[in-house]
Amino acid sequence: QSHALIPSMDRYTESVVRAIRLAMTDNPRNHKIVAFFPTARMAGFFAEVFNNGMGIPAIELHSKKGQGYRNRASGAFRKAERGVLLTSDVSARGIDYPDVTHVIQIGAPDSREQYIHRLGRTGRAGSKGR
Numbered sequence: 001q002s003h004a005l006i007p008s009m010d011r012y013t014e015s016v017v018r019a020i021r022l023a024m025t026d027n028p029r030n031h032k033i034v035a036f037f038p039t040a041r042m043a044g045f046f047a048e049v050f051n052n053g054m055g056i057p058a059i060e061l062h063s064k065k066g067q068g069y070r071n072r073a074s075g076a077f078r079k080a081e082r083g084v085l086l087t088s089d090v091s092a093r094g095i096d097y098p099d100v101t102h103v104i105q106i107g108a109p110d111s112r113e114q115y116i117h118r119l120g121r122t123g124r125a126g127s128k129g130r
């Protein structure tokens, strides 16, 4: 487990992108990263940054998307050998994504329980996670 302090809001986007890219380079062939954002709007914003601004495929999953879209997005990430999932707390409980290598929490969760549920997406069934 590690953490990073973002010094100011004007470096927020840069810092989030750097954290996700660092996780990608930590395991370039098999990375499966779940990044939790405090709001659906932020998850959507960073999906736009990654998919259209940087050309790095990322799956967007949050409450502002319809249930059919969320089911397809969740299934695509579950089946993928590697990928980046940008999500709100809609993915924190009750969803099993195999082989997640990194969980990145952007901002503090609302409660200790939410923190534990978010981290529970990695290191499952004896595999290592960060």
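Numbering-wise (full-length UniProt numbering), the sequence shown opens with residue 1 and increments by one.
Ideal placement from N, C-alpha and C gives every residue a C-beta, glycine not left out.
**Request:** Reducing DSSP to helix, strand and coil, say where Ile59 ends up.
**Result:** Counted from its first residue, the sequence shown places residue 59 at position 59. Strand, per DSSP.
**Request:** Tell me whether Ala23 is buried or exposed, calling it buried when 16 or more other Cβ atoms sit within 10 Å of its Cβ.
**Result:** By 1-based counting over the sequence shown, the position of residue 23 is 23. Label assigned to Ala23: buried.
**Prompt:** Taking the beta strand (DSSP E) that Ala35 falls in, what are its first and last residues?
**Reply:** On the sequence shown, position 35 is the one that residue 35 refers to. Taken as a continuous stretch (DSSP letters only), the beta strand (DSSP E) holding Ala35 covers Lys32 to Phe36.
**Request:** Name the two residues that bound the continuous beta strand (DSSP E) containing residue 138.
**Result:** Residue 138 is absent from the structure shown; the chain starts at 1 and stops at 130.
**Request:** Just tell me which of Glu14, Ile106, Pro28 and Asp89 has its CA closest to the CA of Glu113.
**Result:** Counting from one through the sequence shown, the residue named residue 113 turns up at place 113. Among Glu14, Ile106, Pro28 and Asp89, the Cα nearest to that of Glu113 is on Asp89.
**Prompt:** Taking the C-alpha atoms as reference points, what is the distance between Ala58 and Arg11?
**Reply:** Along the sequence shown, read from residue 1 onward, the residue named residue 58 stands at position 58. Along the sequence shown, read from residue 1 onward, the residue named residue 11 stands at position 11. In a straight line, the C-alpha of Ala58 is about 21 Å away from that of Arg11.
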